[in-house]
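Visitor: Below is one structure. I have some questions about it.
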Amino acid sequence: MEEPIIQARDLGICFAKGKQKKGRVKDLFVRRAANKQGAQQQDFWPLRHVNFDIFPGDAVGIIGRNGTGKSTLLRLITGVLIPDEGYVRREGRVAPLIALSAGFSGELTGRENVNLVAALHGMTTKEIKAKFDEIVDFSELEDFIDTPVKYYSSGMKVRLGFGVITQLPHPILLVDEALAVGDAAFKRKCQQVIAGLLKEGRTLVFVSHSEGDLKKYCERGIFLDAGTLETDGTVEEALAAYKEAEARDAKAKEERKARRAAAAAKAAEQAAPVPALVPGAGEA
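In full-length UniProt numbering, the protein residues as written are 1 to 284.
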C-alpha cells in the first residue's frame, strides 16, 4: 500500500489573543510554551482537528475564505510553525512558493541571493551552478543580477524568488497565491512551470482564490472553514461546499442587517416626542 507523502492527524495550532505574561527567555523562542504558560485571554485556533493524507503525485487545492487557516496549514507543512495538537508529517523536502521575496537579503546582489537561498533550501553548489542560467533566464534579470536586491522592485524580487524555488529538486511543491502576482506574461510563464512540475510527478498543495486555477491544476480539493476541514473530495465538491458556505453567510448577514434596521426603527419610534395637548383642543 502506498504511503502518504504528507499526513495530518488531529492537527491543531493555537494563537493566544491578548497580552501574555512575561515568561522565561526560552519562551520567547518557543511559541508553544509561551501560549500554554502565558496566555491570559481566550485562545484562537486557526486550525484544529484536521486530518488528511496526501499521496505522491496528488494535486490538492486548499479552498476557503480569508482567515480560515489556509496559509497557516502550508506553514505547518513546511515546519515553520509547530502544532499544539496532533502532527503533520511529510516524506521529502518542500519547495515553498510562499512569500517569494521574503528570504532575500537587500544588501546582497541577485547572484548572491540565488546562491544563498538555493543553498538554504538544500541545493548543492554543483546543482546551483547547473541551474543558475535557467533561474536568471526565467526571472528576466540578466542586466540586474549583480545589482543589490534592495534596488529591485517587488515584481523583480518575486520573479527571482519564483525562479529559484521552482528549480529545487524537492518532491513537494507548496503554492500560496503565487500565481496571483505579476503581469499577464509572467503569470503565463509561471503556469507553464507549474504544469511542467506536475508532469514530472511532483506533489502539489495549492492555495488560491481562483476557481479557474484550482480546476486547472488540482483534481482534489480541501475546503477549510473556521479552522476545520469541512470537505475533502474532488476540487468541484470542495468549491461547491465553499460556495454554499458563502451563500449561507451572505444570507445570515442580510438577516442580521434587517434585524438591526428593525431594532433601530423601533427605538426611534419609542424615542419620538409625544405631541403636547393644547387646552381646549377638540372642544366644540
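For glycine and all other residues, C-beta sits at the position ideal for the given N, C-alpha and C.
What does DSSP give as the partner residue(s) for L224 in the beta ladder?
Guide: Its beta-bridge partners are L229.
Visitor: Do H121 and L160 count as a contact pair if the criterion is CB distance below 7 Å?
Guide: No, Cβ-Cβ distance for L160 and H121 is not below 7 Å.
Visitor: With a cut-off of 8 Å on the beta carbons, I'd call L174 and T68 a contact; round off their distance for me.
Guide: With 8 Å as the limit, L174 and T68 do not qualify as a contact, their Cβ atoms being about 17 Å apart.
Visitor: Please check the pair I5 and F55, which I expect to be a contact at CB under 8 Å, by giving their CB distance rounded to whole angstroms.
Guide: Going by Cβ atoms, the distance from I5 to F55 rounds to 6 Å, so yes, they are a contact pair.
Visitor: Please identify the residue among G64, D176, A264, M123 whose C-alpha is closest to the C-alpha of V205.
Guide: That would be D176, whose Cα lies nearest to the Cα of V205.
Visitor: Decide if V88 is buried, meaning its Cβ has at least 16 other Cβ atoms within 10 Å, or exposed.
Guide: With 16 or more Cβ atoms within 10 Å of its Cβ, V88 is classed as buried.
Visitor: Flag this pair as touching only if the segment 198-215 and the segment 117-136 have three or more C-beta atom pairs under 8 Å; answer yes or no.
Guide: Touching, no, given that fewer than three Cβ pairs across the two stretches are closer than 8 Å.
Visitor: How many whole angstroms separate the CB atoms of F138 and K189, which I take to be in contact at a CB cut-off of 8 Å?
Guide: Yes, F138 and K189 are in contact; Cβ-Cβ is about 7 Å, under 8 Å.
Visitor: Buried or exposed for residue 287, going by 16 or more other Cβ atoms inside 10 Å?
Guide: In the structure as shown, the chain starts at 1 and stops at 284, and residue 287 therefore has no counterpart that could be examined.
Visitor: What separation, rounded to the nearest whole angstrom, lies between the Cα atoms of V80 and I98?
Guide: Going from the Cα of V80 to the Cα of I98 covers about 11 Å.
Visitor: Below 8 Å on the Cβ atoms is my contact criterion, and I expect I63 with L229 to pass it. Report the Cβ-Cβ distance as a whole number of Å.
Guide: Wrong, their Cβ atoms sit about 11 Å apart, outside the cutoff.
Visitor: In three-state DSSP terms, what is F15?
Guide: Strand at F15.
Visitor: Less than 8 Å between the CB atoms is what I'm expecting for R220 and V117, so what's the real figure, rounded?
Guide: Incorrect: roughly 30 Å between the Cβ atoms, too far for contact.
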